[in-house]
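Each remark here refers to the structure printed beneath this line.
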Amino acid sequence: MNYTQLIEAIREDDSKTVNVLLSSLYPVLVNYLCATMNAGTKDAEDCAQEAMITVVENIRNNGIRNPDSIFSYVITVTRHAYLRLRRDDVPGNYVDFEEAYHVAEPADQLINILDEERGRLLSECIEELNSENREMIMMWFEDPDRPTQEVAARFKITINNAWIRKHRITNKLNQCVEKKLSS
-15 MNYTQLIEAI
-5 REDDSKTVNV
5 LLSSLYPVLV
15 NYLCATMNAG
25 TKDAEDCAQE
35 AMITVVENIR
45 NNGIRNPDSI
55 FSYVITVTRH
65 AYLRLRRDDV
75 PGNYVDFEEA
85 YHVAEPADQL
95 INILDEERGR
105 LLSECIEELN
115 SENREMIMMW
125 FEDPDRPTQE
135 VAARFKITIN
145 NAWIRKHRIT
155 NKLNQCVEKK
165 LSS
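Here you go:
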């Protein structure tokens, strides 16, 4: 998306173009908050909408000095809207800074980004595995911190074989999901 078009459309009061551009920006902002800030979907939607209103008002009031950095400005406004929401939700205005300003780890971001479609496809792909592989991978899905020794003992294999099988099953599931997504 060319965000300079958004600035021009707002300044020219072209509401049709503004609506089209903002509707394509909205899901990006919602996904950003869900993925990086661990926001709930409803909170992310509210904050994204609030941020877009703020950005449009600032553009109308010529508050944007550098149109080239509009996207980072929009992201910053969105993040601050979410942090304000979190701060205001805490009773007695007590803010646990570690929790309120928590940015999800990359692994958490991947989990947050997974949508219902991928989850459904993953379930289908797990069902396609043979029973032993399905049982093994489900042990790790249920408890990702489960010691490899425990899994190896359960299936009467070495620890190295457990790691290799986990890797192969994971790759097979990834390929299956990607194949189903592309078809």
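Here the sequence shown stands for residues -15 to 167, where the numbers follow the numbering used here.
The C-beta atom is built at its ideal place from N, Cα and C for all residues, glycine as well.
Secondary structure note for P11: its alpha helix (DSSP H) is the uninterrupted segment S(-1) to T20. Within its own chain, the residues whose Cβ lies closer than 8 Å to the Cβ of T154, once the five positions on either side in sequence are excluded, are I121, listed in chain order.
Separation of E126 and A28 (C-alpha to C-alpha, rounded to the nearest whole angstrom) is 27 Å. The beta carbons of E41 and A65 sit no closer together than 7 Å. Our two residues, E101 and K163, have alpha carbons roughly 13 Å apart in a direct line. Counted as a single uninterrupted DSSP element, the alpha helix (DSSP H) harbouring N158 occupies residues I143 to S166.
Relative to M21, the option among I59, G47, A(-7) and L9 whose CA is nearest is I59. V61 is positioned such that its CB atom lies closer than 7 Å to that of T38. For the pair A137 and A146, the CB atoms are not nearer than the 7 Å cut-off. Using a 10 angstroms sphere on the CB of L13, the tally of other CB atoms reaches 16 or more, which defines it as buried. Here the C-alpha atom of H151 lies approximately 14 Å from the C-alpha atom of I110. A Cβ-Cβ separation of about 6 Å places I(-6) in contact with R44 under the 8 Å criterion. Beyond the five residues adjoining it in sequence on each side, T1 comes within less than 6 Å, by CB distance, of A(-7) in the same chain, given in chain order. Around T132, the same chain offers I143, A146 and W147 as residues with beta carbons nearer than 7 Å, after the five sequence neighbours per side are excluded. I54 and I(-9) do touch by the CB rule: their CB atoms are close to 6 Å apart, below 8 Å. Contact between Y16 and M36 is ruled out by a C-beta separation of about 13 Å, above the 8 Å threshold. Classified as exposed, R68 has fewer than 16 neighbouring CB atoms from the shown chains inside 10 Å of its CB.
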